[in-house]
Amino acid sequence: MTLNMTAETETAKIARGLRERDMELLADLVERFQHRLVRYLLYLTGRRDYAEDLAQETWIRVLQRGSQYNGRQRFDPWLFAIARNLAIDYLRKKLRAVQTVSLPNDRDAMLLLPSSGPSPFEAAARSEDAMRLAGRLQILSPLYREALLLRFQEELSLAEIAQVVGAPLTTVTSRIYRGLAALRSAFEEGDSHGV
Amino acid sequence: MECDKRFRELIDRSFVEEVSEGERRLMHDHIRDCDGCKRYVELTARTIRGLREFTFPSEADSSAQVFEILARHTETMRQQNVQFRIWAAFAVALSMSIVGSALVYQVAKFLAAPMHFDNAQVQAGVLVFWLLPSFCAALYTLAAPGQNRGIA
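Going down the list, the protein sequences come from chains A and B. First residue of the first sequence: 8, per my numbering; consecutive thereafter. First residue of the second sequence: 182, per my numbering; consecutive thereafter.
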C-alpha cells in the first residue's frame with residue numbers, strides 16, 4: 008500500500024513537472040531513462056546510430072507533449088510508446104528514401120528494416136550465451152526483439168507491453184513465445200553440434 | 182519422446198506470465214519424470230538469462246547532450262510562445278478597436294441630431310477621439326518595450 012502510494016506520488020510528480028516544463032525534473036528523467044531508452048530503440052531498430060538520434064527526438068517530444076502524460080500509469084511505458092511511434096515514422100522515411108516500390112501499409116511491417124554494419128548485439132554480449140544469442144537477435148524480427156526486451160530486461164507487465172506496442176495481449180504473448188522459441192533454437196542447434 | 186504440447190505451453194507461460202499454484206505443481210511433477218521437458222526448461226531459462234547478459238555501453242556525455250538540446254529547444258519554444266502572445270494580443274486589440282469604433286459611431290450618430298452636429302463632424306470626432314487612439318493602443322501591444330509586449 009505504501010509502495011503504491013509512493014509510486015503514485017512519483018508519477019504524479021512527473022506529470023506535474025512535465026506540464027510545467029520543469030527543466031530540473033526533465034534533467035533527472037533524462038539521467039534515469041536515457042540508457043534504457045537507447046537500449047529499447049537499439050532493439051527496435053538494430054542500429055546504434057538510429058537509436059541515438061531517435062532517443063534525442065523522443066526527449067524533444069516528451070518536452071513538447073509532456074502535458075499528455077496523465078501520471079496514472081508508469082512513466083517508462085509512456086516514454087517507450089513515444090519512442091516506438093517515432094521509430095516507426097523514422098524507419099518509414101528511411102525506407103522511402105531507399106525504395107522506389109510502394110510501401111506496405113502495416114505500420115509494424117515498417118520495423119522489418121534490414122540493418123547493415125556490425126551487429127550492436129555482438130558488441131554488447133557479455134557472456135558466451137549472450138554471444139550465441141547475438142547473431143539470432145540481429146536477424147530476429149524487431150517485433151519479437153522488442154517484446155523480449157520489454158518483458159525480460161525492462162520487466163514490464165504484459166499489459167504495459169501491450170500499451171507500448173499498441174497491440175492486444177494475445178499478440179504480445181505470442182510475440183514473446185515465438186521470440187523465445189527462435190532464440191532457444193540457438194542453444195538447441197549449438198548443443199546438438201557439440202558447440 | 183515428444184512431450185504433450187500443453188506441458189511445453191505451460192512451461193513457456195510459467196516464464197512469461199503468472200501460472201496458478203496447481204499448474205505449477207502439475208508442471209513440476211511432469212518435469213521430474215520427463216527429460217525432454219527438463220531440458221526445455223533449462224534451455225528457456227538459459228535463453229532468458231542470456232538475454233539479460235547484454236550490456237549496451239552508453240556514451241558518457243549522452244545525457245548531457247540530450248539535456249543541452251532540450252534546454253535549447255525550451256528557449257526556442259519560449260520565444261515562439263512570446264511571439265504568439267504578442268500577435269494574439271494585437272489581433273484582439275485590433276478587433277476591439279474596430280468593433281468599438283463601430284459602436285461609438287452608432288451612438289454618436291444617435292446623439293448628433295439633438296446636439297446639432299452634422300454627419301462629417303460625427304465621423305471626424307469618432308476618428309480623432311476613438312478610432313485613432315484605440316488603433317494606436319492596439320499597435321502598442323506590438324511595439325511596447327520588454328515584458329509589456331503582448332500583454333494588452
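All C-beta atoms, glycine included, are put in the ideal place defined by N, C-alpha and C. Bear in mind the structure is a predicted one, so any value in this text is a computation, not a measurement.
Against Val45 of chain A, the close residues of chain B are Phe237, Ser239, Ser243, in the order they occur along the chain (beta-carbon pairs closer than 8 Å). Per DSSP, the continuous alpha helix (DSSP H) segment holding Trp66 of chain A begins and ends at 55-72.
Pairing Asp83 of chain A with Leu163 of chain A gives a Cβ-Cβ distance under 9 Å.
Among the residues of the segment 47-75 of chain A, those with a Cβ less than 8 Å away from any Cβ of chain B are Leu49, Glu59, Ala62, Gln63, Trp66, Ile67, Leu70, Gln71, in the order of the chain.
With a threshold of 9 Å between beta carbons, Val263 of chain B makes no contact with chain A. With its beta carbon at least 9 Å from every one in chain A, Leu191 of chain B lies outside the interface. DSSP lists B:Phe235 as the beta-bridge partner residues of Ala132 of chain A. Non-local beta-carbon contacts of Thr18 of chain A in its own chain, meaning distances under 8 Å to residues more than five positions away in sequence, involve Gly78, Arg79, Gln80, Arg81, Phe82 in chain order. At a cut-off of 9 Å between beta-carbon atoms, Arg227 of chain B makes contact with chain A. By the C-beta density criterion, Leu292 of chain B is exposed, having fewer than 16 other C-beta atoms within 10 angstroms. At a Cβ-Cβ threshold of 9 Å, Gln170 of chain A and Ala88 of chain A count as neighbours.
By the rule that beta-carbons nearer than 9 Å mark a contact, Phe87 of chain A does not touch chain B. Nearest CB-CB separation between Ala131 of chain A and chain B: below the 9 Å threshold.
Straight-line spacing of the CA atoms in Ala301 of chain B and Leu323 of chain B works out to 32 Å. Exclusion of the five residues before and after Met30 of chain A leaves no residue of its chain whose Cβ lies closer than 6 Å to its Cβ.
Per DSSP, reduced to three states, the secondary structure at Val200 of chain B is coil, with no helix or strand assignment. In the three-state reduction of the DSSP assignment, Pro84 of chain A falls in the helix class, which pools H, G and I. In chain order, Ala132, Arg133, Ser134, Asp136, Ala137 make up the part of chain A whose C-beta sits under 8 Å from the C-beta of Glu234 of chain B. With a 10 Å radius around the Cβ and a threshold of 16 neighbouring Cβ atoms, Gln261 of chain B comes out exposed. Cβ neighbours of Arg26 of chain A within its own chain (closer than 7 Å, five residues either side excluded): Gly73, Ser74. The Cβ atoms of Asp136 of chain A and Gly231 of chain B lie closer than 9 Å to each other. For the segment 16-39 of chain A, the beta-carbon criterion of a distance under 7 Å to any beta-carbon of chain B is satisfied by Arg28, Met30, Leu33, Ala34, Val37, Glu38. The segment 209-219 of chain B and the segment 240-255 of chain B do not touch, with fewer than three beta-carbon pairs separated by less than 8 Å. Residues Ala154, Leu165, Ile168, Ala169, Val172 of the same chain have their beta carbon placed closer than 8 Å to that of Val179 of chain A, with the five preceding and five following residues left out of the count. A distance of 9 Å or more separates the beta carbons of Arg133 of chain A and Ala193 of chain A. At a cut-off of 9 Å between C-beta atoms, Glu153 of chain A does not count as an interface residue with respect to chain B.
Rounded to whole angstroms, the Cβ separation of Thr255 of chain B and Arg28 of chain A is 6 Å, and the two are in contact under 8 Å.
Scanning its chain for C-beta atoms nearer than 8 Å, with the 5 sequence neighbours on each side dropped, one finds around Arg189 of chain B the residues Cys218, Tyr221, in chain order. The beta carbons of Phe128 of chain A and Gln145 of chain A sit closer together than 9 Å.
Annotated as proximal: Tyr50 of chain A and Arg152 of chain A, with beta-carbon spacing under 9 Å.
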